[in-house]
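Chemist:
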Amino acid sequence: MKKYNVVTTISYPTKGAMGKTGNWRVFKPVLDKNKCVKCLRCWVYCPEATIIRNKDDSVDIDYEYCKGCGICADVCKVGAIVMEREGKRE
Amino acid sequence: MSSVMIDTGNYIAAKAAVMARPDVVAAYPITPQTTLVEGIANYRDTGEFKGEYICVESEHSAMSACIGASAAGVRTFTGTSSHGLLLMHEMLHWAALARLPIVMCNINRVVGPGWNIWADENDSVSQRDTGWIQFYCSSNQEIFDTVIQAFKLAEHEKISLPVMISYNAFILSHTSMPVYIPEQEEVDDFIPKRKPLWKLDVDNPITFGNIILPHEYEKVRRDMQNAQEYAKKLIVEINRDWEKRFGRYHGDLLELYKCDDAEYILVAMGAIGSESKVTVDNMRKEGYKIGLARLRVFRPFPGEEIVKLGDKADLIVIDRNVSIGLGGAVFNEVKASLYGKSDAKVYGYIAGLGGKDVTYGDIEKMCKKVVDGKAKHMEWYGFEKGGV
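Laid out in structure tokens, this is it:
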């Protein structure tokens, strides 16, 4: 990392620059792969790049960094993603 | 070779700013803005200023645009005054904490209501905690020289802080004086193109001005304080270099005038500082041992130099500002600097608020009242007869 003569706030692009933000989550997106039509709207809209696009355009969710904002569930046209409360009693 | 230009403080500041070759000037043009930015716009029209001139919709945006441009690594300049400066307040903190070497002129004007655009230093004095280095000028020549010097100071690799150059409204901003203007090549040689320590660059992306945790944040503030402490030395070095190149010297952090054998020393900033020289000359003729220490730099505050003054003389501080509920800002900072280090007595006057004229005769009355032992610790000049 480059050394500067002054102390200020600079960060270089890196995965998880703010730590494992997944533990900020209150609601968790849960994907039903049987309903998914691979339209990739969730992948496009996710503001944190935590929807992982697979080679066959199916998707997975990176729970280590997903903050649970719920945008993916909101934009999903087929209701394949639902938000569930974290730590919910079974 | 230099030429002489006779013009107002604002147009002299515009000339200096353009000769510093900023890449971006962003400014809002409406009152309390002054002819300073009109001057720069005119140079844009004639082609003498080759940078970008961004005419924005508010002073908050003016400072924001300068922050963006400065973060992209280029030299930036802006000018403002009173309420314009206050509207920038949030972004002044931002610029300093992000360590961006923006240079700005502030024309000291009254804060309303009551509405008034005369000289008063409460606008910039109230920005003293933002992290900006603050100069106060007392002549148009000093404005020119300080604007050029400010870029050298701000962009120094150990400083990297924004610099504000203040001068009193009308008394300097709208008064013509002859000013020596150096050749463009001499200015280019003194302040070569800015070399940013880092910059926003799409080919080498960084996030900056981002979130940091408590134990890191304190380091940022502490480093700003260290940079301002270092600026005390660097300002002196830059002044010496300037004097060698151009033969002009306006003082270091303080301009000392007839202080060597003085028993009383006046301390004042800006136009009252230059007016006080006449008072000192007149009182010297009458046999008073009095001198003047004109405060050129308010941030960093030259506490060590103030202590040296206190070793030999009592101090009379005149403030064209007031921190309501306490008193004059310079008065209180002078006392804080002396605490535990000097037995000097300090007397404070508040005078000239709202542009009220403070003549050499007024200053003489203040000084003689102190010498005669009739002055209170702190008082408002001109209210001796009571009333409101």
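Chains as they are written, first to last, in this note's numbering: chain A, -8 to 81; chain B, 446 to 833.
A virtual CB, placed ideally from N, CA and C, is assigned to each residue, including glycine.
(1) In whole angstroms, give me the CA-to-CA distance for B:Ile636 and B:Gly484.
(2) Let me see if you follow: with CB-CB separation under 7 angstroms, is A:Tyr56 close to chain B or not?
(3) Any chance you could list the beta strand (DSSP E) runs of at least 3 consecutive residues sitting entirely within the segment 577 to 634 of chain B, in chain order?
(4) Cutting at 8 angstroms between CB atoms, please list the residues of its own chain near A:Cys60, excluding the five before and the five after it.
(5) Decide yes or no for the touch test of the segment 629 to 643 of chain B against the segment 562 to 582 of chain B: beta carbon pairs closer than 8 angstroms, at least 3 of them.
(6) What residues of chain A sit near B:Phe743, judged by a beta carbon separation below 7 angstroms?
(7) For B:Gly772, which residues of its own chain have a beta-carbon under 8 angstroms away from its beta-carbon, when the five flanking residues on both sides are left out?
(8) State the CB to CB distance for the pair B:Ala676 and B:Ile578, rounded to an integer number of angstroms; the pair is presumed to be in contact (CB under 8 angstroms).
(9) Indicate whether at least one CB of chain B lies closer than 7 angstroms to the CB of A:Val96.
(10) Under a Cβ-count criterion, where at least 16 other Cβ atoms within 10 Å of its own Cβ denotes burial, should B:Thr804 be classed as buried or exposed?
(11) Would you verify that the beta carbon of B:Glu663 is, or is not, closer than 7 angstroms to some beta carbon of chain A?
(12) Kindly list, in the order they appear in chain A, the residues whose Cβ is closer than 7 angstroms to that of B:Thr575.
(13) From this set, B:Lys801, B:Tyr826, B:Gly806, which residue's C-alpha is nearest B:Ile562's C-alpha?
(14) Determine which residues of the segment 621 to 651 of chain B have a Cβ less than 7 angstroms from any Cβ of chain A, and write them out in chain order.
(15) In its own chain, which residues sit with a C-beta less than 7 angstroms from the C-beta of B:Leu545, not counting the 5 before and 5 after it?
(16) Closer than 7 angstroms by C-beta to B:Met536: which residues in its own chain qualify, once you throw out the five before and the five after it? Chain order, please.
(17) For the beta strand (DSSP E) holding B:Tyr438, just list the boundary residues, first then last.
(18) Rounded to the nearest angstrom, how far is the Cβ of B:Met450 from that of B:Ile457, given a contact under 8 angstroms?
(19) Show which residues of chain A have a CB atom less than 7 angstroms away from the CB atom of B:Ser605.
(20) Name the chain A residues whose beta carbon is nearer than 9 angstroms to that of B:Phe653?
(21) With a threshold of 7 angstroms between beta-carbons, can B:Ile763 be considered close to chain A, or not?
(22) Cβ closer than 7 angstroms: which chain B residues qualify as neighbours of A:Met9?
(23) If we count Cβ pairs, one from each stretch, closer than 8 angstroms, do we get three or more for the segment 747 to 760 of chain B versus the segment 717 to 727 of chain B?
(24) Can you round the beta-carbon distance between B:Lys689 and B:Glu708 to whole angstroms, since I take them to be within the 8 angstroms contact cut?
(25) Could you tell me if B:Ile547 is buried or exposed, where buried requires 16 or more neighbouring beta carbons within 10 angstroms of its beta carbon?
(26) Go ahead and pull the three-state DSSP assignment for A:Lys19.
(27) Considering Cα atoms alone, identify which of B:Glu497, B:Thr476, B:Pro477 is closest to B:Ala486.
(28) Any idea if B:Gln594 is buried or exposed, counting beta-carbon neighbours within 10 angstroms, 16 or more meaning buried?
(29) Is the CB of B:Glu602 under 7 angstroms away from at least one CB in chain A?
(30) Determine whether the Cβ of B:Arg544 lies closer than 7 angstroms to any Cβ atom of chain A.
(31) Are B:Ser782 and B:Ala774 touching if we call contact CB-CB under 7 angstroms?
(32) List the residues that DSSP assigns as beta-bridge partners of B:Asp452.
(33) Where does B:Trp643 sit, in a helix, a strand or coil, going by DSSP?
(34) Closer than 7 angstroms, Cβ to Cβ, to anything on chain A: give me those residues from the segment 664 to 677 of chain B, in chain order.
(35) So does the segment 616 to 628 of chain B actually touch the segment 655 to 665 of chain B, counting three or more Cβ pairs closer than 8 angstroms?
(36) Would the segment 686 to 706 of chain B and the segment 734 to 753 of chain B be scored as touching if the rule is three or more Cβ pairs under 8 angstroms?
Modeler: With the given structure in hand:
(1) On the second sequence, position 191 is the one that residue 636 of chain B refers to. On the second sequence, position 39 is the one that residue 484 of chain B refers to. Those two C-alpha atoms are separated by around 21 angstroms.
(2) Within the first sequence, the letter at position 65 stands for residue 56 of chain A. The beta-carbon of A:Tyr56 is placed no less than 7 angstroms from the nearest beta-carbon of chain B.
(3) 578 to 581, 608 to 613, 621 to 627
(4) As a working note, residue 60 of chain A is residue 69 in the first sequence. For A:Cys60, where only same-chain residues beyond five positions count, the Cβ hits under 8 angstroms are Pro38, Glu39.
(5) no
(6) Sequence index remark: in the second sequence, residue 743 of chain B carries index 298 (1-based). Per Cβ cutoff of 7 angstroms: no residues; B:Phe743 is ~22 angstroms from chain A at best.
(7) Position 327 of the second sequence, counted from the start, is the residue given in the question as residue 772 of chain B. Excluding positions up to five away in sequence, the list reads Asp764, Gly793, Ile795, Met823.
(8) Position 231 of the second sequence, counted from the start, is the residue given in the question as residue 676 of chain B. Position 133 of the second sequence, counted from the start, is the residue given in the question as residue 578 of chain B. Confirmed, about 6 angstroms.
(9) Nothing about residue 96 of chain A can be read from this structure; chain A reaches only from -8 to 81.
(10) Taking the second sequence and counting its residues from 1, one reaches residue 804 of chain B at position 359. Exposed, because fewer than 16 other Cβ atoms sit within 10 Å of the Cβ of B:Thr804.
(11) On the second sequence, residue 663 of chain B is found 218 positions in, with the first residue counted as 1. B:Glu663 does not count as touching chain A.
(12) In the second sequence, counting from the first residue as 1, residue 575 of chain B sits at position 130. By Cβ distance, chain A contributes nothing, its closest Cβ being about 15 angstroms from B:Thr575, past 7 angstroms.
(13) Locating residue 562 of chain B in the second sequence gives position 117, where the first residue counts as 1. For the residues B:Lys801, B:Tyr826, B:Gly806, the minimum Cα distance to B:Ile562 belongs to B:Lys801.
(14) From the segment 621 to 651 of chain B, only Leu642, Trp643, Pro650, Ile651 have a Cβ closer than 7 angstroms to chain A.
(15) Locating residue 545 of chain B in the second sequence gives position 100, where the first residue counts as 1. The answer, listed in chain order, is Ile512, Ser515, Ala516, Pro607.
(16) Working through the second sequence from its first residue, we reach residue 536 of chain B at position 91. Excluding sequence neighbours, B:Met536 sits near His505, Met508, Ser509, Ile512.
(17) Limits of chain B in this structure are 446 at one end and 833 at the other, which puts residue 438 of chain B out of reach.
(18) The residue labelled residue 450 of chain B in the question sits at position 5 within the second sequence. The residue labelled residue 457 of chain B in the question sits at position 12 within the second sequence. So it is a contact: roughly 7 angstroms between Cβ atoms.
(19) The residue given as residue 605 of chain B occupies position 160 in the second sequence. Simply Val(-3).
(20) Translated into positions along the second sequence, residue 653 of chain B becomes position 208. In chain order: Thr(-1), Thr0, Ile1, Ser2.
(21) Mapped onto the second sequence, residue 763 of chain B falls at position 318. No - not a single Cβ of chain A is within 7 angstroms of the one on B:Ile763.
(22) Walking along the first sequence from the start, residue 9 of chain A turns up at place 18. Per Cβ cutoff of 7 angstroms: Ile656.
(23) no
(24) Here residue 689 of chain B corresponds to residue number 244 of the second sequence, with the count starting at 1. Here residue 708 of chain B corresponds to residue number 263 of the second sequence, with the count starting at 1. Going by Cβ atoms, the distance from B:Lys689 to B:Glu708 rounds to 34 angstroms, so no, they are not a contact pair.
(25) Within the second sequence, the letter at position 102 stands for residue 547 of chain B. Buried, by the Cβ-count rule.
(26) Indexing the first sequence from 1 puts residue 19 of chain A at position 28. A:Lys19: strand per DSSP, three-state reduction.
(27) Residue mapping note: residue 486 of chain B aligns to position 41 of the second sequence, counting from 1. The option with the nearest alpha carbon to B:Ala486 is B:Glu497.
(28) For the purposes of this step, residue 594 of chain B is taken as the residue at position 149 of the second sequence. With 16 or more Cβ atoms within 10 Å of its Cβ, B:Gln594 is classed as buried.
(29) Translated into positions along the second sequence, residue 602 of chain B becomes position 157. Yes, because at least one Cβ of chain A sits closer than 7 angstroms to the Cβ of B:Glu602.
(30) By one-based count along the second sequence, residue 544 of chain B stands at place 99. Chain A, which has a Cβ nearer than 7 angstroms to the Cβ of B:Arg544, makes this yes.
(31) The sequence position of residue 782 of chain B within the second sequence is 337, counting from 1. The sequence position of residue 774 of chain B within the second sequence is 329, counting from 1. No. Outside cutoff.
(32) The count along the second sequence starts at 1 and reaches residue 452 of chain B at position 7. DSSP output for B:Asp452 lists B:Met622 as bridge partner(s).
(33) Numbered from its first residue, the second sequence carries residue 643 of chain B at position 198. Residue state, collapsed to three classes: coil.
(34) Lys664, Val665, Asp668, Ala672
(35) no
(36) yes
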